[in-house]
Amino acid sequence: MNPFARQTTSEALREQINRVLSAFKHPTLKCDLTVLKALHHSALLDGTLHIELVMPFAWQSGFAELQESASAELLRLTGATAIDWKLLHNIATMKRVKDQAGVNGVRNLIAVSSGKGGVGKSSTAVNLALALAAEGGRVGLLDADIYGPSIPTMLGTTHERPTSPNGQHMAPIMAHGLATNSIGYMVTEDNAMVWRGPMASKALLQLLTDTLWPELDYLILDMPPGTGDIQLTLAQNIPVTGALVVTTPQDIALADARKGIVMFAKVGVPVLGIVENMSMHICSHCGHLEAIFGSGGAEKLAEQYQCALLGQLPLHISLREDLDRGEPTVVSRPESEFTEIYRQLAGQVVAQLYWQGEVIPTEIAIKAV
């Protein structure tokens, strides 16, 4: 008989593992992993400790940090000679605005907005979506910026056109592992959309509901910039789970970001937090850091409206070059410091979505990462 087999379901073993898990601290955790009941399965077989965790939000980076932090202590406590770690995701579906029915196949819809154009909202949405996928989520991206649909350019899909398998719905365009759709797929590059607000809002709602989205844990919605009629209509009629407000440190951008936060509050959309883009310029020649748009503004804004500052993103020429050639930094430079920043942002966003919201019952298949 295998001397380790009888410990497969040992409560003592679980207690040892949970003791180590409870001591692990991470920015995405508001309680420890034992309170979260993350330990799904454990066994000690032939000297190998098998640990299987289940998390309710995308957590690949946190999981990597846990392995690095906890492995040595677990080996010491259990007497194992090796550890087989496994992470599963059972992504929670969070309550939507006004308890609206969700979009078919989509668990959580996150709006990325800005009070004005030119702050890097779309570039943030693209790299955020890709970072969420790298963190273990099944992710989609909807380009709702109807007057300036830039997502196809940033993803290198400008010549793609959606197909309709049934004559009534559109199949999404797959790009870098994301399920995407955009009004930009339906018009030529030199065409201008000269629609009034109601027509534009109707078109965007149709894009959302008529797309045959696959099973998605997170759908990122790249909102049009501003806080006018179209943004208000979309915020009221789309089953959003939460919203991000993208700004730069510049005073004029911060003034418009305030309007965005107030708009979401008026329509009952939870603001997950603020993302400060272009927080610091990094010289491509010498690496010198310069706060060319000022500093400290986003922190003050977050404090004023009692919301989280989820991340601060740098300004660097490579970020722009990657998007211009349709290969965003998160996929073209997966080991870069910029990708690490986007993945940290992604982890903060979905953790905030989980801890700030309310889980609603749903049948979700557990999937391995």
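Heads up, the sequence shown is in the working numbering, so the first residue is 8 and it goes up one at a time. Note that CB positions come from ideal geometry on N, CA and C, so glycine has one too. Just so you know, these numbers come straight off a predicted model, no measurement behind them.
Among 58, 312, 98, 48, which residue has its Cα nearest to the Cα of residue 402? What the structure shows of the chain is the stretch from 8 to 376, and residue 402 is not part of that stretch, so it cannot be assessed.
Do you know how far the Cα of residue 70 is from the Cα of residue 19? About 23 Å.
Residue 58 and residue 49: beta carbons closer than 8 Å? Going by C-beta atoms, residue 58 is nearer than 8 Å to residue 49.
Please list, in chain order, all residues of the same chain as residue 272 whose beta carbon is under 6 Å from its beta carbon, the five residues on each side excluded. Excluding sequence positions up to five before and after residue 272, its CB lies less than 6 Å from no other CB in the same chain.
Suppose contacts are defined by Cβ-Cβ distances below 8 Å. Is residue 121 in contact with residue 337 by that definition? For residue 121 and residue 337, no; Cβs fall outside 8 Å.
The stretch 251-267 contacting the stretch 123-135, beta-carbon criterion three pairs below 8 Å: Three or more Cβ pairs closer than 8 Å define a contact, and the stretch 251-267 meets that threshold against the stretch 123-135.
In chain order, which alpha helix (DSSP H) runs of at least 4 residues are fully inside the stretch 348-373? Unbroken alpha helix (DSSP H) stretches of 4 residues or longer found wholly inside the stretch 348-373: none.
Tell me where the beta strand (DSSP E) around residue 283 begins and ends. That run of the beta strand (DSSP E) goes 278-283.
Could you tell me the alpha carbon to alpha carbon distance between residue 89 and residue 275, rounded to whole angstroms? Here the C-alpha atom of residue 89 lies approximately 49 Å from the C-alpha atom of residue 275.
Is residue 117 near residue 356, with beta carbons less than 8 Å apart? With contacts defined as CB atoms closer than 8 Å, residue 117 and residue 356 qualify as a contacting pair.
With three or more beta-carbon pairs closer than 8 Å as the criterion, would you say the stretch 285-297 touches the stretch 139-149? With the cut-off at 8 Å, the stretch 285-297 and the stretch 139-149 do not touch.
Can you list, in chain order, the residues of its chain with a C-beta nearer than 8 Å to that of residue 361? Leave out the 5 residues immediately preceding and following it. These residues qualify, in order along the chain: 63, 64, 99, 101.
Given 8 Å as the limit, is there contact between the stretch 71-82 and the stretch 178-196, that is, 3 or more CB pairs closer than that? Taking 8 Å as the limit for Cβ pairs, the verdict is that the stretch 178-196 does not touch the stretch 71-82.
Whole-angstrom distance between residue 154 and residue 232, CA atom to CA atom: Cα to Cα, residue 232 sits roughly 10 Å from residue 154.
Looking at the secondary structure, which residues open and close the alpha helix (DSSP H) in which residue 29 lies? Per DSSP, the unbroken alpha helix (DSSP H) holding residue 29 starts and ends at 18-29.
Straight-line gap, residue 241 to residue 129 (C-alpha atoms, nearest Å): Cα-Cα distance, rounded: 17 Å.
Kindly indicate which residue of 149, 267, 95 has the alpha-carbon position closest to the one of residue 213. If we check each option's Cα against that of residue 213, 149 comes out closest.
Could you say which of 211, 80, 66, 206 lies nearest to residue 139 if we only look at CA atoms? Shortest Cα-Cα distance from residue 139 to any of 211, 80, 66, 206 involves 66.
In chain order, what residues of the same chain lie with their CB nearer than 8 Å to the CB of residue 315, ignoring the 5 residues before and after it? Excluding its 5 nearest sequence neighbours in each direction, residue 315 has C-beta neighbours in its own chain below 8 Å: 279, 280, 281, 309, 355, 359, listed in chain order.
Which of the three DSSP states is assigned to residue 318 in this structure? Of the three classes helix, strand and coil, the one that applies to residue 318 here is strand, per DSSP.
Only counting the same chain, and skipping five residues up and downstream in sequence, which positions put a Cβ closer than 8 Å to that of residue 9? Low per-residue confidence applies at residue 9: pLDDT is 44, beneath 50, and the placement is therefore not dependable enough to give any value.
At 3 residues or longer, and completely inside the stretch 292-338: list those beta strand (DSSP E) runs for me, N to C. If only complete runs of 3 or more residues are kept, the stretch 292-338 shows the beta strand (DSSP E) at 315-319, in order along the chain.
According to the neighbour-count rule (16 or more other Cβ atoms, all chains shown, within 10 Å of its Cβ), is residue 26 buried or exposed? Counting Cβ neighbours within 10 Å, residue 26 comes out exposed, since fewer than 16 surround it.
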